[in-house]
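S.K.: Counting in our numbering, the sequence shown runs from 504 upward without gaps.
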Amino acid sequence: MNPAASSPAPDRPLAGRTIALTRGPARAGALGAALREAGATVLTVPVIDFAWPADLGPLDAALAGLRAGRYGWLAVTSATTVTALTRRATAIGTGLPELLTAGAARVAAVGAGTAAALARAGVSVDLVPATGSGADALLAAWPELPGDESSDDETPRAVLLPHSDLAAGTLEAGLTARGWTVNFVTAYRTVDHPAASGEALGPDADPDTDSGVGERALTVVAAQDRRPDAVVVTSPSTLRRWLAVGDPCPIVAIGPTTAAAATDAGHPASTTAGTADASAVIDAVARAVREITGTPSARSHPSTTP
């Protein structure tokens, strides 16, 4: 065993480890770069892709309503939703910041990663959970309904909630139960990678997407043949596609929803990153691989295990 490798430097806690990330090079972005900076060999594994809804009419109508001031809030639950909204706004001849300014809607983000994606799109965020992420965290931070017609607060009680076709509806149900009127509109579909030509949404706008330039994307089978020390799963959809091949390597889930899906699938996550922030994910991966006995590359090179 290499003593230095078994006790990695604090700034390189993943030295000697091989980590699978269920994103392709074009979407790995800052997270892939952070894993490499922490010392890991990163296997990028695109298992899902994103496509436009078969019918764009409801989404276009929702964006028109946003511009017309019909919504008090726009609630955004993922960076991919930001991508869909910005690209569709451009397609109809405007921009997302302009739509929001015209309609005077406030903006809520489900977590820090989504808030950062909105900021990159030029959108100011009014509400983001102080701790954690996900529907429950946003519901806990959500303001009370505006006052009645006699009050000074004339904020519309309608919320525009664009989502994936696979969204669970937790946020919609929670807001509806509190008296808000929610337009739950599909902004994109989650499909197997790669999306059909002409239907693909395209990669999210990430300032570090060039960090994986030249890197070869792997299939799940090819990645599992490399016997990674852990896999970072970014959503229930990526989790299911990884597990379909059957590798039992330690799972690092991003967010409580993904962790719950892992438990439901009979493969509980070894650790969970509370948010998609790179530092939170690095910490969760480091905790997961600490539980592995033997050398830092024990799974990749079983013959080196003492």
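Where a beta carbon is used, it is the ideal one built from N, C-alpha and C, also for glycine.
(1) Determine, using beta-carbon pairs with one atom in the segment 547-554 and one in the segment 617-635, whether at least three such pairs fall under 8 Å.
(2) Ordered along the chain, which non-local residues of its own chain (more than five positions away) have a Cβ less than 8 Å from that of T584?
(3) Starting from D629, follow its DSSP beta bridges and name the residues at the other end.
(4) State the Cα-Cα distance for the pair L678 and G519, rounded to the nearest angstrom.
(5) DSSP three-state call for T737: helix, strand or coil?
(6) For L648, I'd like the list of residues in its chain whose CB is within less than 8 Å of its CB, leaving aside the five on either flank, ordered along the chain.
(7) Mind the definition here: the segment 606-613 touches the segment 571-579 only if three or more C-beta pairs lie below 8 Å; say whether that holds.
(8) So which of V792, A783, P706 has the shortest CA-CA distance to V734?
(9) Using three-state DSSP, classify A543 as helix, strand or coil.
(10) Mind checking L669: buried by the 16 CB within 10 Å criterion, or exposed?
(11) How long is the line joining the alpha carbons of G560 and T593, rounded to whole angstroms?
(12) Between the segment 620-633 and the segment 763-770, are three or more C-beta pairs nearer than 8 Å?
(13) Suppose the cutoff is 7 Å on Cβ atoms and the five residues either side in sequence are ignored; what does the same chain contact list for A582 look like?
(14) Our contact map puts A726 next to A523 with C-beta atoms below 8 Å; I'd like the distance itself, whole angstroms only.
(15) Would you mind giving the Cβ-Cβ distance between P516 and I795, rounded to the nearest angstrom? I have them listed as a contact below 8 Å.
(16) For T634, count neighbouring C-beta atoms within 10 Å of its own C-beta (all shown protein chains included) and say buried if the count is 16 or more, exposed if not.
(17) Taking the beta carbon of V748 as the centre, do at least 16 other beta carbons fall within 10 Å, making it buried, or is it exposed?
(18) Considering only DSSP beta bridges, list what I754 is partnered with.
(19) Just the C-alpha distance for T521 and T597, rounded to the nearest angstrom, thanks.
(20) Quick check: G542 and S636, are their CB atoms within less than 7 Å of each other?
(21) In three-state DSSP terms, what is W645?
(22) Taking the DSSP output, what are the residues bridged to S667?
(23) Does the beta carbon of A554 come closer than 7 Å to any beta carbon on chain B?
(24) From A508 to A638, what distance separates their C-alpha atoms?
M.R.: Well, looking at it:
(1) no
(2) The residue labelled residue 584 in the question sits at position 81 within the sequence shown. If we look at T584 and ignore the five residues flanking it on each side, its Cβ neighbours are T617, P665, H666, S667, A690, Y691.
(3) Your numbering for residue 629 matches position 126 in the sequence shown. DSSP lists no partner for D629.
(4) Taking the first residue of the sequence shown as position 1, residue 678 is located at position 175. Taking the first residue of the sequence shown as position 1, residue 519 is located at position 16. Distance between the alpha carbons of L678 and G519 is about 46 Å.
(5) As a first step, residue 737 must be located in the sequence shown, where it is residue number 234. DSSP places T737 in coil when its eight states are reduced to three.
(6) What you label residue 648 is simply residue 145 of the sequence shown in a count that begins at 1. Contacts found: R660, R681, G682, W683.
(7) yes
(8) Within the sequence shown, residue 734 is the residue found at index 231, counting from 1. It is V792 whose Cα lies nearest to the Cα of V734.
(9) What you label residue 543 is simply residue 40 of the sequence shown in a count that begins at 1. It is coil, neither helix nor strand.
(10) Here residue 669 corresponds to residue number 166 of the sequence shown, with the count starting at 1. L669 comes out exposed.
(11) Counted from its first residue, the sequence shown places residue 560 at position 57. Counted from its first residue, the sequence shown places residue 593 at position 90. When rounded, the distance between both Cα atoms is 15 Å.
(12) no
(13) Counting from 1 along the sequence shown, the entry for residue 582 is found at position 79. Around A582: G616, T617, A620, D707.
(14) Position 223 of the sequence shown holds residue 726. Position 20 of the sequence shown holds residue 523. Between A523 and A726 the Cβ distance is about 5 Å, and since that is below 8 Å, they are a contact.
(15) If you number the sequence shown from 1, residue 516 lands on position 13. If you number the sequence shown from 1, residue 795 lands on position 292. Not really, about 13 Å apart at Cβ, beyond 8 Å.
(16) Position 131 of the sequence shown, counting from 1, holds the residue named residue 634. Result: exposed.
(17) As a position in the sequence shown, residue 748 is number 245, starting the count at 1. With fewer than 16 other Cβ atoms within 10 Å, it is exposed.
(18) Residue mapping note: residue 754 aligns to position 251 of the sequence shown, counting from 1. Answer is V734, bridged to I754.
(19) For this step, residue 521 is matched to residue 18 along the sequence shown. For this step, residue 597 is matched to residue 94 along the sequence shown. So the alpha carbons of these two residues sit roughly 44 Å apart.
(20) For the purposes of this step, residue 542 is identified with residue 39 of the sequence shown, where counting begins at 1. For the purposes of this step, residue 636 is identified with residue 133 of the sequence shown, where counting begins at 1. No, they are not a contact pair.
(21) As a working mapping, residue 645 is identified with position 142 in the sequence shown. Coil, per DSSP.
(22) By 1-based counting over the sequence shown, the position of residue 667 is 164. Its beta-bridge partners are Y691.
(23) In the structure shown, chain B does not exist; there is a single protein chain.
(24) Along the sequence shown, read from residue 1 onward, the residue named residue 508 stands at position 5. Along the sequence shown, read from residue 1 onward, the residue named residue 638 stands at position 135. A caution first: A508 carries a pLDDT of 45, below 50, which makes its placement in the model unreliable, though a value can still be read off. Their backbone Cα atoms lie some 39 Å apart in a straight line.
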